[in-house]
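There are 6 protein chains.
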Amino acid sequence: MVVLDYLLQFIEEDAPAGDVTSDAVIPDITCDAVIRAEQDGIIAGLNEAGELFSHFGVSVTYRVKDGDTVFRNDSLLELSGDAKKILLVERTALNIIGRMSGIATQTKKMADIVSAVNPSCHIAATRKTCPGFRELDKKAVTIGGGDPHRMNLSDGILIKDNHLALVPLGIAIQAAKKGTAYKKIEVEVETPENALFAAKAGADIIMLDNMSPGQILRTIRVLKSEGLRDHVIIELSGGIDENSLPRYAALDVDLISLGLLTHSVRNLSVNLEIIPHNIA
Amino acid sequence: MVVLDYLLQFIEEDAPAGDVTSDAVIPDITCDAVIRAEQDGIIAGLNEAGELFSHFGVSVTYRVKDGDTVFRNDSLLELSGDAKKILLVERTALNIIGRMSGIATQTKKMADIVSAVNPSCHIAATRKTCPGFRELDKKAVTIGGGDPHRMNLSDGILIKDNHLALVPLGIAIQAAKKGTAYKKIEVEVETPENALFAAKAGADIIMLDNMSPGQILRTIRVLKSEGLRDHVIIELSGGIDENSLPRYAALDVDLISLGLLTHSVRNLSVNLEIIPHNIA
Amino acid sequence: MVVLDYLLQFIEEDAPAGDVTSDAVIPDITCDAVIRAEQDGIIAGLNEAGELFSHFGVSVTYRVKDGDTVFRNDSLLELSGDAKKILLVERTALNIIGRMSGIATQTKKMADIVSAVNPSCHIAATRKTCPGFRELDKKAVTIGGGDPHRMNLSDGILIKDNHLALVPLGIAIQAAKKGTAYKKIEVEVETPENALFAAKAGADIIMLDNMSPGQILRTIRVLKSEGLRDHVIIELSGGIDENSLPRYAALDVDLISLGLLTHSVRNLSVNLEIIPHNIA
Amino acid sequence: MVVLDYLLQFIEEDAPAGDVTSDAVIPDITCDAVIRAEQDGIIAGLNEAGELFSHFGVSVTYRVKDGDTVFRNDSLLELSGDAKKILLVERTALNIIGRMSGIATQTKKMADIVSAVNPSCHIAATRKTCPGFRELDKKAVTIGGGDPHRMNLSDGILIKDNHLALVPLGIAIQAAKKGTAYKKIEVEVETPENALFAAKAGADIIMLDNMSPGQILRTIRVLKSEGLRDHVIIELSGGIDENSLPRYAALDVDLISLGLLTHSVRNLSVNLEIIPHNIA
Amino acid sequence: MVVLDYLLQFIEEDAPAGDVTSDAVIPDITCDAVIRAEQDGIIAGLNEAGELFSHFGVSVTYRVKDGDTVFRNDSLLELSGDAKKILLVERTALNIIGRMSGIATQTKKMADIVSAVNPSCHIAATRKTCPGFRELDKKAVTIGGGDPHRMNLSDGILIKDNHLALVPLGIAIQAAKKGTAYKKIEVEVETPENALFAAKAGADIIMLDNMSPGQILRTIRVLKSEGLRDHVIIELSGGIDENSLPRYAALDVDLISLGLLTHSVRNLSVNLEIIPHNIA
Amino acid sequence: MVVLDYLLQFIEEDAPAGDVTSDAVIPDITCDAVIRAEQDGIIAGLNEAGELFSHFGVSVTYRVKDGDTVFRNDSLLELSGDAKKILLVERTALNIIGRMSGIATQTKKMADIVSAVNPSCHIAATRKTCPGFRELDKKAVTIGGGDPHRMNLSDGILIKDNHLALVPLGIAIQAAKKGTAYKKIEVEVETPENALFAAKAGADIIMLDNMSPGQILRTIRVLKSEGLRDHVIIELSGGIDENSLPRYAALDVDLISLGLLTHSVRNLSVNLEIIPHNIA
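Protein chains in written order, with the numbering used here: chain H, 1 to 280; chain L, 281 to 560; chain U, 561 to 840; chain Y, 841 to 1120; chain G, 1121 to 1400; chain W, 1401 to 1680.
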């Protein structure tokens, strides 16, 4: 995991041929700067921002750390160094902190809703992330108290409706188990009968997709009657939002995955203020 | 601009070591599939999605085109090819279409608000995009009827408050003009006086940042009184939202840049349904 | 998973500035060629070799397929195309087939030894692969009938002795379970007591490292007495070779991981013969 | 030659999305560690391993150096630094040292066999290396006392049987000489007649491929009778193994190339032991 | 703008598998070195050369700076460090300095010719640069006192004859203006009529291509008569050389773009001399 | 050698974010185009230009081939395809053809001068190429009838004055010979004595650097007197230009390397003309 290269491509994206304004306008001077929150929320992305500034020789002081609750006007990072380098990194750093903090804030809010009604239930992210930013979207979910779920298609076995349109459920589970003993097998089902079938066939996680609370209750009852409830993890998925979340969380389920954590993100506002050195 | 490589890195992100589920579960068969909208909106990202499927040998039929208004359940793309390839690209394609359409839909809405009150005023994006997805965020703004503004720090000269904290306005404009005659020079100002100063110094675009409607009116009056209003483009910027937008658009301004177009995105929901070939 | 780019870097390695011999010596002609086995074994790597030749416009006919048993002098691939392109890919293709087939052959031999004495036990690879070739080393193990085990450090949780030198076993397992519910947790232990502790703490897989058959028997007995044997997967590891393998496989264990599958590889010999077109 | 990037791709291969176990389990602490040999042999790859640890901020002390003979339990590298960084690099470093030392050990053994019977004869590697690891396979041969031979197809002119199936020998040599005066021209032949022809045509190196000792003797006699023996380098090639090596080395030849140096590698076993800092 | 990576690819080009001579011949010693001019001229490329040496751990002292006038035998850079690293970078550094200084020297000469006859006229580069070296070719022009013009096709709008062969002038300008308000629009014309048309249609820059001085005079007269001369920038282009330059510069024009600045470059000669440490 | 990727980076350089002019101005239409010479010369780079157009789906007809003598207004390539794709590749293709043809033309001129006075003497390039374009600079030299010399520092052993400032000549040659038997060893010397020493020590090529014709004659005489002239290749180097070339070529030498072939290049002028399809 060569994190720095991953981050530097974002600088490359914002400055493929340098910063033509600063190059033309700013002399070779040093200055200070401070990054502040413009809204309350859970902060995330500070390490990534800091690593970028450091890479360009800017010294960084962390006033808060990832996962902290911050308030409007709180100082987050204090910077000191070459003015052009601070300006080069500014927007990329703010964009990273803004999006990751937006996700962490939203995740924390949803996680709190869930734990209030069912402390043993957790929320999880999906793969509905911004292309090119997956790793940091997932990290922001973790910082906000959510489970990142699988990172990508290589990272875990999840047999979904589109697989089952092509292969019968039993054959799919058997094929997945045969490939490797080292990964959990998750199966998406839409009926109590298929949930039971999957549990009997050895699925580790049963994702109940787009089921009503009533269907979910019925599914759990069926699994319990066969003595299988405790052998599987139950995940809910599909269109659950902030309003419906408490009702679902109150059921005897282990995980609720929420696309909205990463597909409908409102960045937390943060800004960077330059502080010239030669203020008398 | 080698677009395909740009898009393939998103596949790489979602499948760094392949799709372990499909590889284990799905035989070497072909199938059809359809991508449908789950919400009304302006569609974008179809070309990128289509190019990815094509790259992996999947044949693509476009039912609508970028910029079209679509409605819930409309078919967008119809696919036919190797099942594993369709499943490999599925999530990346949906994420691209989802985010770009979300941006295009939001942009269209804002552009309509503006043109209703002031047909000669346009909205523009900012650089507050998702790192790694800048190019497509900007393209989605264009599809939705907005001006993409500068793509990155190399792409245009914009002297902002943080530059002016370090260099006097006059010197900054002079330095920028000296570097090249081929780029417009934009200056961010916060007072009518500085707006006038910038216009006199030869700025092409004056960005009035975080000014109240009253301040903006005063600024325009000052510029007009000096015969400079028609020699500059006036852009408004800073915290304008859907509610305040009509009020600002009604002023005699040319552009309103809106961070919310790309920093607070709600993906348009789209899905992909596999259709097996051997349905009797 | 952009397989072709992965393979093309091997061509780049073998021809960073082209094939100076063929460029100087060979005219622009076409020819045929055949790749043959020089030894008996299980063949692997044909798809990768074929994909490379195809990329350079050489047409490929597969005479056998990955996983087939082949014998000395068997034709594997038949090629037809530009002579210089065939010669450009020749050595890279042979090296890929040679190493992958060597691994598949060795894996099959070990897997057969194990299944002869314990059909419910499987062999697995380790991460002791050749740097730069991990993905194909693992694939060759799968082709030979082994379990690839985790692909890399991002792909699965395995708490080893070096982790436990720094963190107590119970805390380590608890921390791993807290991070995500979607991955199995494997723990390496060296005593029956720690095996029991790990099983109670919720480990999914217990790796018994460098234990004697007697210790392993004792461990299984302890787990059974607590009713935990069937809740965990038991993997043996550490210095097991072809001679000792049957003795270990006869125990009531699920997996035996063997470093020798990939760290001591004898390539299967294969060659490529050019067949000129104008033989009268 | 940007060596570090070459090595970092191996870390990327082993940790494409980080080390999920250490990230979850290990706190931010420092520790020591030692890499030890588990077998006797010639050590190689220490610089590469050390460079990787250094890149991640781990301090490295070399107890032996590349090319040294080491014995079981010898300490090779001593490390001190961030525990998670040591664990991140561990397996990649061991794999590099293991393979390179295996090659160096094997090369040294073969080189000693040859020099015992013919001090003016040397052994050389072939291009039968592991794809992705060519540079280090070749370096290990050099460390073990062998000649690396050409690195790749761009690096030297070697006219082989597959070229000669398409172009007559004389024309091939002439074409190769015409291209550049700066490279030696090597020709693979299978008969004394062709060896003589190649020498007369100006080949610098004659590779006698798969010839019996009797044929080789005859070839040398023919070359001597024409006064050409001292104008060419004679290389033997083709299926020579440890047993037949002394017999071939005893002939009046300059080089013997051995595929087995790199296509049949038994890694030298090495391990890394973590030593916690706070041991009382 | 990750400059170092850009520069390192030039090292990679010159040493894809290391420096085989120095690796074989030079021991692990340190030395000094000096880079000197062999001709008079304007120096450029020192920062790039210095950055490369620094990256490889060589300490660098700058004796002059980019843009300075230097004379034969002047010392430019003084180096101290690992001998093999200095030799590794030598040729790449000299090639960068040589080409960039050649361009800067030529640019300065042309700029001086122009400013002598028309101080308000400037010279500009074109995109006729060496592929792979665009960024530094343009930078050298800036150092020599020229305007770099647009960096690439993404960087500015220039409607040329080949566009106008396909689209009428008016439609082209209108389309360009509609896309974005942030970029100047330049149009290449070959007649006074089209110049006037373009100016009226809102072009910011009019490039008079391959016009005779007489035609240019007529064009300016037409523009003035319509009161448009001061609303546009006038650029001359097309086959102007050192001899004809003063005649064109004397006209009332703003810019003269010269392909010769970068398409006909005579490198400034520079050399590097190694100074051993142990000279008594 | 993945040539296409090498060429595509030049497109990327000229269009990092696409061609903003054509994207805005040109509709989705097809057209024809022709590339013509504007000067007489030896043409080169057509294959590279053609490959780029082909990659973007433009069909290409070659009217001449690399190495042909062309005259002003000759048609070189005829193109047909998507107008925007032709315009995207235009400048890159012209820059490649322009520079390569400039080099080939210059090389041919120098080669003709040499062969007129000494048919057995050849000219060679140096490593004084444009960074980023080395491979094509060298190829252009070959097309013009010159020897490319070593491609880079990995490609051949050349012991130069800067090496000999650090290591005695005899030791350097011995070390170089010990490393590998497969590469020629070239040594740069400045006196007849050292030339003799190098020849005796086994150098394959002696580069006489910056010697006067008199010194060169003396060197050859010394080598002949020792019977070594025919065992070595003699190369002249250092500041030889078109005027002095015949004098040096008349000596009994094998090679003359000329930095000017690539460090002082005057591009051959070529242009591209768009031909609309719908001309009535």
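All C-beta atoms, glycine included, are put in the ideal place defined by N, C-alpha and C. The structure displayed is predicted, hence computed values, not measured ones.
Contacts of residue i in chain Y (Cβ-Cβ under 9 angstroms)
| i | result |
| --- | --- |
| Leu1655 (chain W) | Ala1021 and Tyr1022 |
For residue i, the residue or residues it bridges with in DSSP
| i | result |
| --- | --- |
| Asn1671 (chain W) | W:Arg1436 |
| Pro1366 (chain G) | BP columns for Pro1366 (chain G) are empty, so no partner. |
| Ile1263 (chain G) | None; Ile1263 (chain G) has no bridge partner. |
Candidates the options: closest to residue i by CA position
| i | options | result |
| --- | --- | --- |
| Arg1472 (chain W) | W:Ala1437, W:Lys1528, W:Val1425 and W:Ile1674 | W:Ala1437 |
| Thr1262 (chain G) | G:His1283, G:Ala1231 and G:Glu1313 | G:Ala1231 |
| Ile185 (chain H) | H:Leu158, H:Leu166 and H:Gly50 | H:Leu158 |
| Ile1605 (chain W) | W:Glu1448, W:Glu1413, W:Asn1594 and W:Val1470 | W:Asn1594 |
| Tyr182 (chain H) | U:Gly692, U:Asp628 and U:Ile793 | U:Ile793 |
| Asp1134 (chain G) | G:His1397, G:Thr1246, G:Ala1244 and G:Arg1211 | G:Arg1211 |
| Ala759 (chain U) | U:Ile673, U:Ser785, U:Asn607 and U:Ile835 | U:Ser785 |
| Leu1488 (chain W) | W:Asn1552, W:Asn1643 and W:Ile1426 | W:Ile1426 |
| Leu1660 (chain W) | W:Arg1527, W:Ala1516 and W:Val1460 | W:Arg1527 |
| Gly225 (chain L) | L:Pro493, L:Ser302, L:His429 and L:Ser434 | Absent from the structure is residue 225 (chain L), since the part of chain L shown begins at 281 and ends at 560. |
| Leu818 (chain U) | U:Gln599, U:Asn607, U:Asp583 and U:His682 | U:His682 |
| Asn210 (chain H) | H:Asp155, H:Leu217, H:Leu236 and H:Ala203 | H:Leu236 |
| Gly31 (chain H) | H:Leu208, H:Val70, H:Gly132 and H:Gly57 | The sequence given here has Cys at residue 31 (chain H), not Gly. Considering only alpha carbons, the answer is H:Gly57. |
Neighbourhood of residue i by C-beta distance below 6 angstroms, restricted to the same chain and skipping five residues each side
| i | result |
| --- | --- |
| Arg789 (chain U) | Leu783 |
| Ala481 (chain L) | Gly450 and Ile453 |
| Phe850 (chain Y) | Thr932 |
| Pro1268 (chain G) | Ala1245, Lys1258, Val1261 and Thr1262 |
| Thr1031 (chain Y) | none |
Listed by chain order, chain L residues near residue i by CB distance under 8 angstroms
| i | result |
| --- | --- |
| Glu695 (chain U) | Ala297 |
| Ser154 (chain H) | Ala295, Pro296, Ala297, Gly298, Asp299 and Val300 |
Proximal residues to residue i (C-beta, below 8 angstroms), its chain only, five neighbours per side dropped
| i | result |
| --- | --- |
| Arg903 (chain Y) | Asp914, Ser915, Leu916, Leu917 and Glu918 |
| Ala452 (chain L) | Ile439, His443, Leu444 and Val467 |
| Ala1444 (chain W) | Asp1466, Gly1467, Ile1497, Met1500, Ser1501, Ile1503, Ala1504, Lys1539, Ala1540, Ile1543 and Gly1544 |
Cβ shell of residue i (< 7 angstroms), same chain only, five flanking positions each side left out
| i | result |
| --- | --- |
| Arg266 (chain H) | Gly102 |
| His791 (chain U) | Ala759 |
Interface residues of chain G facing residue i [CB-CB closer than 7 angstroms]
| i | result |
| --- | --- |
| Met991 (chain Y) | Ala1137 |
Within chain H, the residues that residue i reaches when beta carbons sit closer than 7 angstroms
| i | result |
| --- | --- |
| Pro708 (chain U) | Thr180 |
Listed by chain order, chain G residues near residue i by CB distance under 9 angstroms
| i | result |
| --- | --- |
| Thr1505 (chain W) | None at all; the shortest Cβ gap to chain G is about 12 angstroms. |
Contact test: residue i Cβ vs the ligand NAP heavy atom, cutoff 7 angstroms
| i | result |
| --- | --- |
| Leu1608 (chain W) | Ligands displayed in this structure: none; no statement on the ligand NAP is therefore possible. |
*Using a Cβ-Cβ cut-off of less than 8 angstroms, give me the residues of the stretch 215-233 of chain H that come near chain U, in sequence order.*
Ile233
*Relative to chain Y, which residues along the stretch 1598-1609 of chain W have a C-beta separation below 9 angstroms, given in chain order?*
Asp1604 and Ile1605
_At a CB distance below 9 angstroms, what residues from the stretch 678-690 of chain U approach chain H? Give them in sequence order._
His682 and Ala684
*Relative to chain Y, which residues along the stretch 600-633 of chain U have a C-beta separation below 8 angstroms, given in chain order?*
none
_To be precise: take each residue of the stretch 232-250 of chain H, compare its Cβ to all Cβ atoms of chain L, and keep it if any distance is under 7 angstroms. Which residues remain?_
none
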